[in-house]
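Colleague:
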Amino acid sequence: GDDFLDPLFLLLAALHRRQPDRVWVVLAPGPREASAAEADLEALLGAGESSRLYPQKEALPYEEVEPNLEIGSLRVEAVEGVFSGRSHVLVTTPRALQERVPIPAGLARLRLTLRAGEGADLHELARTLEERGFERVPLVEEVGQFAVRGGIVDVFSVGAGDPVRIEFWGDEIASIRSFGILDQRSLAELQETHILPVDFRRSAHDGETVPRSLLELLP
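Set out below in structure tokens:
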């Protein structure tokens with residue numbers, strides 16, 4: 001195990017609590033260690049949005065291979081969390097820190113928030129989801145999918161524990177509910193939900209992206 005790292009995590013948790021607005025970066029030797037470190041930090045800091053994992057690509061640095069869905073999604077979630085102020089601890093690897101990836105020019109527009117009772121257009125939402133890389137399917141079963149049935153939109157966003165069912169009444173969101181994948185039954189009623197793009201490349205609303213490494217993006 002990596003028990004020798006525990007004192008470091010305890011120190012980082014203490015520093016984070018004393019300076020909650022500062023961004024802290026944990027560099028792990030490789031992907032396996034990074035995942036373990038993020039899990040340990042989540043246990044120390046509490047479940048929520050304090051720590052995020054920014055993974056490296058599976059391919060070698062000189063290979064032109066796009067990261068898979070999970071890696072791309074985690075990167076979106078991590079960068080958006082830092083820029084929105086919701087995440088202040090990033091766990092990554094030296095290689096991931098330097099990898100240059102296409103980042104949307106308008107990072108502030110990454111997060112789409114929908115609230116019950118607010119005005120919204122169902123068809124516009126469907127177009128927005130497609131622009132953000134979501135796959136339209138008859139039945140939502142995985143992250144990155146959405147479905148439209150009558151006045152209802154089901155969507156499973158990056159970083160969400162469960163998919164959500166958004167019910168429209170005319171041009172207004174009547175309700176938002178989380179639901180289970182297996183039985184498709186509602187779990188809880190929500191006042192709002194947040195939707196992140198499936199990957200950076202598809203999330204640039206104006207089509208403009210700039211190659212940036214995490215090292216260049218960090219405050």
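So the sequence shown is numbered by this note's numbering: it starts at 1 and just counts up by one. We put the beta carbon where it would ideally sit given N, CA and C, even for glycine.
Starting from the C-beta of glutamate 135, find all residues in its chain whose C-beta is less than 7 Å away, skip the five residues before and the five after it, and write them out in chain order.
Modeller: Position 135 of the sequence shown holds residue 135. Counting only Cβ-Cβ distances below 7 Å, and skipping sequence neighbours, we find Gly144, Gln145.
Colleague: Assign threonine 193 to buried or exposed, taking buried as 16 or more other Cβ atoms, counted over all protein chains shown, within 10 Å of its Cβ.
Modeller: By 1-based counting over the sequence shown, the position of residue 193 is 193. Result: buried.
Colleague: Pull the bridge partners of alanine 126 from the DSSP assignment, please.
Modeller: What you label residue 126 is simply residue 126 of the sequence shown in a count that begins at 1. None; alanine 126 has no bridge partner.
Colleague: Shortest alpha-carbon distance to leucine 182 belongs to which of Ser213, Pro163, Val23?
Modeller: Taking the first residue of the sequence shown as 1, we reach residue 182 at position 182. Checking every option, the nearest Cα to that of leucine 182 belongs to Pro163.
Colleague: From this set, Leu53, Gly72, Ala96, which residue's C-alpha is nearest histidine 88's C-alpha?
Modeller: Here residue 88 corresponds to residue number 88 of the sequence shown, with the count starting at 1. When only C-alpha atoms are compared, the closest one is Leu53.
Colleague: Using DSSP bridges, identify the partner residues of serine 84.
Modeller: Against the sequence shown, residue 84 aligns to sequence position 84. Paired residue(s): none; serine 84 is not in a bridge.
Colleague: Throw me the rounded Cβ distance for the glutamate 99 and serine 213 pair, which I believe falls under 8 Å.
Modeller: For the purposes of this step, residue 99 is identified with residue 99 of the sequence shown, where counting begins at 1. For the purposes of this step, residue 213 is identified with residue 213 of the sequence shown, where counting begins at 1. Right, their Cβ atoms sit about 6 Å apart.
Colleague: What are the boundary residues of the beta strand (DSSP E) that includes alanine 188?
Modeller: By one-based count along the sequence shown, residue 188 stands at place 188. Start and end: 186-190.
Colleague: Taking C-beta to C-beta, are phenylalanine 168 and leucine 122 nearer than 8 Å?
Modeller: Counted from its first residue, the sequence shown places residue 168 at position 168. Counted from its first residue, the sequence shown places residue 122 at position 122. Closer than 8 Å, so yes.
Colleague: Excluding the five sequence neighbours on either side, which residues of its own chain have a C-beta within less than 8 Å of the C-beta of proline 211, listed in chain order?
Modeller: For the purposes of this step, residue 211 is taken as the residue at position 211 of the sequence shown. The answer, listed in chain order, is Arg100, Val101, Pro102, Ile103.
Colleague: Reducing DSSP to helix, strand and coil, say where leucine 112 ends up.
Modeller: One-based indexing of the sequence shown puts residue 112 at position 112. Collapsing the DSSP output to three states places leucine 112 in a strand.
Colleague: Mind checking which residues open and close the alpha helix (DSSP H) that includes aspartate 40?
Modeller: Residue 40 sits at position 40 when you count from the first residue of the sequence shown. Per DSSP, the unbroken alpha helix (DSSP H) holding aspartate 40 starts and ends at 31-45.
Colleague: Touching or not, the stretch 32-49 and the stretch 5-18, by the rule of three or more beta carbon pairs under 8 Å?
Modeller: yes
Colleague: Could you give the residue range of the alpha helix (DSSP H) that holds glutamate 216?
Modeller: Within the sequence shown, residue 216 is the residue found at index 216, counting from 1. 214-217 is the span of the alpha helix (DSSP H), which, as asked, contains glutamate 216.
Colleague: Quick check: the Cα distance between valine 82 and valine 91, rounded to an integer number of angstroms?
Modeller: Locating residue 82 in the sequence shown gives position 82, where the first residue counts as 1. Locating residue 91 in the sequence shown gives position 91, where the first residue counts as 1. If you take the alpha carbons of valine 82 and valine 91, they lie about 12 Å apart.
Colleague: Near aspartate 171, which residues of its chain fall below 8 Å by C-beta distance, leaving aside the five closest residues on each side in sequence?
Modeller: Looking up residue 171 in the sequence shown gives position 171. Hits under 8 Å: Gly119, Ala120, Asp121.
Colleague: Could you please give the first and the last residue of the uninterrupted alpha helix (DSSP H) stretch that includes aspartate 6?
Modeller: Position 6 of the sequence shown, counting from 1, holds the residue named residue 6. 6-18 is the span of the alpha helix (DSSP H), which, as asked, contains aspartate 6.
Colleague: Alpha helix (DSSP H) containing glutamine 145: first to last residue?
Modeller: Here residue 145 refers to the residue found at position 145 of the sequence shown. Counted as a single uninterrupted DSSP element, the stretch harbouring glutamine 145 is not any alpha helix (DSSP H) but the beta strand (DSSP E) occupying residues 145-149.
Colleague: How far does the beta strand (DSSP E) with leucine 90 in it extend, from its first residue to its last?
Modeller: For this step, residue 90 is matched to residue 90 along the sequence shown. Leucine 90 -> beta strand (DSSP E) spans 89-92.
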